[in-house]
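Protein chains in written order, with the working numbering: chain E, 1 to 430; chain P, 1001 to 1243; chain V, 2001 to 2323; chain S, 3001 to 3289.
As structure tokens, the structure follows; a few thoughts come after it.
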Amino acid sequence: MMDRKDQNVKGMNRRTFIKVSGAAGLGLSLTSFGVPTLLRAEPAPIKIGSVQPATGPLAMIGQGQRRGNLLAAEYINSMGGIKSMDGAKLKLLLGDSESKPEVGRQEADRLIKEGAVMLTGPFQSGVAMAIATLCEQRQVPFVMDVAALDAITRKGYKYTFRVFITAKGLVGGAVKYLKMVTKEKKVMPKRAVVTNTADAFGKGMSGGFIKFLGKSGLPIEIVERIQYPLGIHDLSAEVARIKAAKPDIIFPVSRPGDSVILTRELYKQRVELMGIFCPGSPGWYEPEVIKDLGDLILYVLINVPWINPSSPVYKQANKAFLKAYGKYLDTNSAYAYTGVLVLADALERAGSTKPEALLKALHKTYYKDPPVLGGPVQFNERGDNIGAMTGLIQVQPDPDPLKRVKIVAPKEFAQSDKIVFPAPQLWERG
Amino acid sequence: MSMLKVNHLTKSFGGLTAVDSLSFELKEGEILGLIGPNGAGKTTVFNCLSGFSPPDLGEVLFKGQAVTGMKPHAICQMGLARTFQIVKPFLTISVLDNVMIGALIGERSISAAEKKSMEILHMAGLGSMANTEAQGLPLPMRKRLELAKCLATDPLVLLLDEVMAGLNATEVDEMISLIRQVNSKGVSILMIEHVMRGVMALSQSVIVINYGRKIAEGPPEQVVKDQGVIEAYLGKEFLDAQG
Amino acid sequence: MNRLYMFMAAALALILALPLWLDKYTLGIFVMIFYYAYLGQSWNVLTGYTGHISLGHALYVGIGAYTSTFLAQTWGISPWIGMLAGGLLSMTVALCMGYLGFRFGLRGVYFVILTIGFAEITRLIVSHIEALGSFSGIFLDFNPSFINFQFRGNMPYYYISLGFMVVSMIVVRLIETSRLGRFMIATREDEDAAEALGVNTFKYSMIAIAISAFMTALAGTFYANYIFYLHPATLFGMALSIELIMRPIIGGMGTVLGPVIGSFILTPLSEISRAYFAKGGLEGLHLILYGILAILVVLFMPRGIIVYLKGASQWIFNSADKK
Amino acid sequence: MNADLALQLGIQGLLTGGIYGLIGLGLSLIFGVMGVINFAHGQMIVMGMYVSFWILTLFGIDPYLSLMVVAAVIFALGYLVQSTIVNRIIDYPEAMQVVPLVSLGLILENMALLFWGPDHRSPETALGLDAIRVGSATIDVSRLMAFGLAILFTLCIFLFLKKSNLGKSIRAAADNRTGAILVGIKVNRINNISFALGAATTGAAGALLLPLMPVTPHLGHDFTLIAFVVVILGGMGNLLGALFGGLILGLAESLSALWLPATMKHLVSFGILVVIMLFKPHGLFGGKR
């Protein structure tokens, strides 16, 4: 069991917490209150650290990931902890990077000092870099849940692993699905606009996407590329420029705030489009965004390393998450969840908390049926997850706003068999 | 010898002419009074002379050399120092340090500057206050400090802007003797003063200005008898001072 | 005064020996204490002693970090040399800004906004230079060696940052007691009065901003090789500018010990409050407490904590003398 | 150059400019009266946005209708801040004034994080999606509303300061604090009211901004920077100047989209800022020294 204080998570009062823990699995009540635990001497908990941007500009995603980490640890514990180590429980130590690299480093160091044998986190690539170097210095394994920039795993660090897909994999998926959609629907957008937030992720993603698209043989011309600062609050001038470029399709690489502004502005200025196709970025699948944008977000196609709805682990995790926070477990939180599962799996196989043993175990990871799309989690020599893959999702009408996001490809995971493309114009949706 | 010569000094602020073609001369060793009612432009004259606000027209010759348009610190380094009507002590440092700033201009060694500053402080009657923070000084002492700071720069000419304002009778007497002492060391002085007793006691000659123009000039006894000056400007204030 | 020096020597000896007992994380806290004390001290030269308020000092941190990193990555020049190059470049930029600002006599609030403007413009320019990583920032390689200014453990960083802090204290103490320092203080106290006494306030303001910018830039190189990631928004942004002035203001501006005292109080405080409240559920509470404390200190100790410490230490010494 | 695009950008720039003016108004007013720069300015706008967000989601009342309530709430916040903090630091050296106000911003930002969470909130509002089409150009209704009300507010406050007795006392206190004390004006009370009034305009700005952009706790910094530029352009303490400064900035930023990428938008604004500071440091329209 984790510390009470740790579990006093935002938005969760004691009562809902008890319900959640109940829902987290029958196992929990058995191990916590059942006879077996009382008879057995409780082994010391194994500490793992999570550094996420819980405050600062990326707090929205960071808090979601933190919750994913927490629920995963809770789940492992409810299933009997780390069995190879006498059922030792996981204790998740939390750190807040405040969205700043130096704070992230300091927090990671604190968690290591407090006994964390492995670390996970931290969403932002820059913070990831600071922590990756620290982990190299301290020789502590670091399994990044989300942090897409390839540069981090290219440094040749021994202690760094990444569950999330590489930027290359992400971009490759986008082009693959774009080909698929245009072939299946027998329509071909000719003119395209690429937009992105001007940060490490946005620039790298959209740049890579443009390069891949050029090589793909698709006859799509990029007529305009618009980069705007992170945290922009007015896109009217940019959309005016988009309109003047007369595109058929927009490829936005965005963040949750600007996706809302962009879509509304496209509506207001009546930009005629076949549709919006996001090559892979937040901003199109978060429950808040879906709720706020209503009809306007319908039919957006998003290539994203999405959750795997048919995975029993996901179903369980999503149920717990929904109950605790009133939202579904979206991709970032699900990857955070996966990160902790992978850590637990490595601990299970290593049977020890020694760094060498853990490294060895992590390299041999073969984690079947993660709650996210793709094959088993396996790390290559760089530490990248070769099992990670993207799916194509589309926001489709559904009376329950929480069920609007549907996987449309690959077919084996699909939740909806129809893809709407071209989409009705934004202002023709009643 | 002429220490300071002012030719046709003119300065206006947005249509209002504060100093209008003013000319006068300060001789070596002289104490010259500059008087006039409030708003007559006296402080503007000082600002023009000391480089704080360059004149629009006219020139200022210090020891025969034009200083018009020079920066205040350069003018001071030549030997023309001024005090401010609203005294400007360096509030959070000690009285000694205040004076040392001026002393260090001509003196590179800290200890020599300290020695010199102590001498000046003793002369100004502030010796016992040397280590007090300047913001702890009452107004009369601040006035003396203002003068002491100037003296530390080894001036040839001192421009004193109402150093006696706000002092009581005893303090005025002390200030008069201090200024005399300074003057006796060969420092020429141009002083703006409302305290007529001070002007009468110290200055060999007086210039009266009103609306930026010179309306009278001469020895103080003569100027105060000038009917024009009395009527046009001195009026009741002066008669009270006499009474 | 001699007692103070003795006390400081003892404190220094203790600090030098501390790594024998401390774990790496706590060493890391000390690194941040020294780092921010050093940054605060550098800022102190300009604002604390000369009175020109800069809210754009992140500019110099950024220039220092980017210059040495660029030189190391492009030509393999050791950051120890690149650090000086960064210092000089930063000094040049500062002199340009100082020239414009001081020449035109920008005071108070106006100078503040000029410094913010310069930092923001530089941030935007760097964000558009591909060779400097543009928006993506620069990921440094980790090749631990003395020449590379990179180390495996926290110990070397501890001693380097401590060295920075101690040297900056000595430098500022030397400035403070020199002719230069006195003229800077005169400029701070009253620019007109200083001019009237023959102090070339423009010149001394320029000297102050040059020293301050040079010193600040050195910290940038340290940051780069400690954190391994440079990003225009973190290195040139206003958040850093504000962070680095909190300590000297709270400790006491215009004093050698102020920035150090401020850092010894504020840095652990933010670490501890974060560590305590970051456990989940009350995200942001630690920053609220940090803010409230800063307000209280300024309201009730307007000249910084140092004044009260001075009073307390005098009282202690005096009562010791009586016995 | 594309004429349609230029026209569209011009219209948007002008409308955005009015909003920028409103963002700068409170800062200018507070500086004009007290000589204090409110570094928590942006965070107060964000508070305004959250309050109107709350009223909208809890009671379904649209931001345009709740405008005055929001202004009143932020007025109260401003009064509290002034009487507890700012009145005590008003005579401090400027560097010392920075810390409490920056800290206040930090507190407000993180209180928003605690109360409303980190999410981007952007509920649909009544006029949020409406637009008027004139030829090829589009005029965004919520922007137009904000623009019109921004001008109205500026004029109201301007007239209030010119005509009303309280306004005259405020101006007297702004011109000469000691003089105002001598003629019996309760300067502390005047300060409280002026700060609160400045805060109220930020609250109103927040309500008008809610339909235009998602609100997050972290939004404040950008508003503070925009307000700085606007206020320097127009002249510190010059209220009508703030409006004009806003219009110039809005137009310049928007039209820069014709030639420059959006990431350089702020380079235009800060470039203008620095040039103005160097050649007309007291603003294009004169300001308080």
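All C-beta atoms, glycine included, are put in the ideal place defined by N, C-alpha and C.
### Query
Between the stretch 179-210 of chain E and chain V, which residues of the former have CB atoms less than 9 Å from a CB of the latter, in chain order?
Result list: 197, 198, 199, 200, 201, 202, 203, 204.
### Task
Pull up the DSSP beta-bridge partners for residue 253(E), would you.
For residue 253(E), which the question treats as bridged, DSSP gives the partners 196(E).
### Contacts that residue 3016(S) makes with chain E (C-beta to C-beta distance below 8 Å)
Within chain E, the residues placing a beta-carbon under 8 Å from that of residue 3016(S) are 234, 236, ordered along the chain.
### Query
List, in order along the chain, the chain S residues whose C-beta lies closer than 7 Å to that of residue 2047(V)?
Under a criterion of Cβ atoms nearer than 7 Å, the residues of chain S adjacent to residue 2047(V) are, in order, 3095.
### Query
Taking a cut of 9 Å between CB atoms, which residues from the stretch 2130-2146 of chain V lie near chain E?
Within the stretch 2130-2146 of chain V, the residues whose Cβ lies closer than 9 Å to some Cβ of chain E are 2133, 2134, 2135, 2136, 2137, 2139, 2140, 2141, 2142, 2144, listed in chain order.
#### Entry: Inter-residue spacing [alpha-carbon to alpha-carbon] between residue 3250(S) and residue 3257(S)
The alpha-carbon atoms of residue 3250(S) and residue 3257(S) are separated by roughly 11 Å.
### Task
Go through its chain and collect everything with a Cβ distance to residue 443(E)'s Cβ below 7 Å, but skip five positions before and after it.
Because chain E in this structure spans residues 1 to 430, residue 443(E) falls outside the shown range and cannot be described.
### Task
Return the CA-CA distance between residue 144(E) and residue 166(E), expressed in angstroms with no decimal places.
Using only the alpha carbons, I get a separation of about 11 Å.
### Query
What's the gap between the Cα of residue 75(E) and the Cα of residue 154(E)?
Approximately 33 Å between the Cα atoms of the pair.
### Message
So, for residue 3196(S): in the same chain, excluding its five sequence neighbours on each side, which residues have a beta-carbon less than 6 Å away from its beta-carbon?
### Response
So the qualifying residues of the chain are 3075, 3078, 3079.
### Task
Can you have a look at residue 2003(V) and say buried or exposed, based on whether 16 or more other CB atoms are within 10 angstroms of its CB?
Residue 2003(V) is exposed by the Cβ-count criterion.
### Query
Given residue 2224(V), which residues of its chain have a CB within under 7 Å of its CB, disregarding the five upstream and five downstream residues?
Within the same chain, Cβ atoms closer than 7 Å to the Cβ of residue 2224(V) are found at 2065, 2068, 2069, 2140, 2230, the five residues on either side in sequence being excluded.
### Sub-8 Å separation of residue 3293(S) and residue 3231(S) beta-carbons
The structure shown does not extend to residue 3293(S), since chain S spans only 3001 to 3289, so no value can be given for it.
### Query
In this structure, what does DSSP give as the bridge partners for residue 1062(P)?
According to DSSP, which records beta bridges pairwise, residue 1062(P) is partnered with 1004(P), 1065(P).
### Message
Rounding to the nearest angstrom, what Cα-Cα distance links residue 2074(V) and residue 2132(V) in this structure?
### Response
Approximately 10 Å between the Cα atoms of the pair.
### Query
Quick one, which of 3187(S), 3118(S), 3270(S), 3154(S) has its alpha-carbon nearest residue 3244(S)'s?
For the residues 3187(S), 3118(S), 3270(S), 3154(S), the minimum Cα distance to residue 3244(S) belongs to 3154(S).
### Task
Alpha carbon to alpha carbon, how far is residue 3139(S) from residue 3011(S)? Give it in angstroms, no decimals.
Rounded to whole angstroms, the separation of the alpha carbons of residue 3139(S) and residue 3011(S) is 7 Å.
### Task
For residue 2148(V), I'd like the list of residues in its chain whose CB is within less than 8 Å of its CB, leaving aside the five on either flank, ordered along the chain.
Once the five neighbours on either side are set aside, the close Cβ partners of residue 2148(V) are 2072, 2078, 2079, 2225.
### Task
Indicate whether at least one CB of chain P lies closer than 8 Å to the CB of residue 2170(V).
Cβ-Cβ to chain P under 8 Å: no for residue 2170(V).
#### Entry: Neighbouring residues, chain V, relative to residue 100(E) (Cβ below 7 Å)
Identification of chain V residues near residue 100(E) by a Cβ-Cβ cut-off of 7 Å yields 2234, ordered along the chain.
#### Entry: Start-end ranges of the alpha helix (DSSP H) lying completely within the stretch 3137-3215 of chain S, minimum 4 residues
3141-3163, 3165-3175, 3177-3182, 3187-3209, all fully within the stretch 3137-3215 of chain S.
### Query
Just checking my contact of residue 311(E) with residue 371(E) at CB under 8 Å: how many whole Å lie between their CB atoms?
Distance from residue 311(E) to residue 371(E) at the Cβ level is roughly 5 Å; contact confirmed, criterion being Cβ atoms closer than 8 Å.
### Query
Taking Cβ positions only, does residue 109(E) come closer than 8 Å to chain V?
At a cut-off of 8 Å between beta carbons, residue 109(E) contacts chain V.
### Query
Can you tell which of 286(E), 237(E), 256(E), 380(E) has the C-alpha that lies nearest to the C-alpha of residue 3260(S)?
The residue with the shortest Cα to Cα distance from residue 3260(S) is 237(E).
### Task
Return the first residue and the last residue of the beta strand (DSSP E) that residue 1019(P) is part of.
Unbroken beta strand (DSSP E) run through residue 1019(P): 1016-1027.
### Query
Quick one: is residue 1014(P) buried, meaning 16 or more other Cβ sit within 10 Å of its Cβ, or exposed?
The residue in question, residue 1014(P), is exposed, as its Cβ has fewer than 16 Cβ neighbours within 10 Å.
#### Entry: chain B residues whose Cβ lies nearer than 9 Å to that of residue 396(E)
Within the model displayed, chain B is absent; protein chains E, P, V and S are what it includes.
#### Entry: residue 2108(V): first and last residue of the uninterrupted alpha helix (DSSP H) it sits in
2108-2126 is the span of the alpha helix (DSSP H), which, as asked, contains residue 2108(V).
### Message
Out of 3227(S), 3125(S), 3137(S), which one is the CA nearest neighbour of residue 294(E)?
### Response
Closest option to residue 294(E), Cα to Cα, is 3125(S).
#### Entry: Same chain only: Cβ atoms within 7 Å of residue 178(E), ignoring 5 sequence neighbours per side
Shown here for residue 178(E): same chain residues with a beta carbon closer than 7 Å to its own, the five before and five after excluded, namely 218, 277 in chain order.
### Query
Three or more C-beta pairs closer than 8 Å, one from the stretch 1112-1120 of chain P and one from the stretch 1157-1174 of chain P: is that the case here?
No, they do not touch.
#### Entry: At least three beta-carbon pairs within less than 8 Å, the stretch 2049-2066 of chain V to the stretch 2182-2195 of chain V
Counting Cβ pairs under 8 Å, three or more are found: they touch.
### Task
Name, please, each residue of chain V whose Cβ falls closer than 9 Å to the Cβ of residue 3075(S).
Within chain V, no residue comes near residue 3075(S); the closest Cβ sits about 21 Å away, beyond 9 Å.
### Query
Over what stretch of residues does the beta strand (DSSP E) that includes residue 3251(S) continue unbroken?
The continuous stretches of beta strand (DSSP E) do not include residue 3251(S), which lies in the alpha helix (DSSP H) extending over residues 3239-3256.
### Task
Output the distance between the C-alpha atoms of residue 2043(V) and residue 3089(S), rounded to the nearest integer angstrom.
Using only the alpha carbons, I get a separation of about 22 Å.
### Task
Rounded to whole angstroms, what's the CA-CA distance from residue 3164(S) to residue 2178(V)? Just pull it up for me.
Looking at the two C-alpha atoms, the distance is approximately 55 Å.
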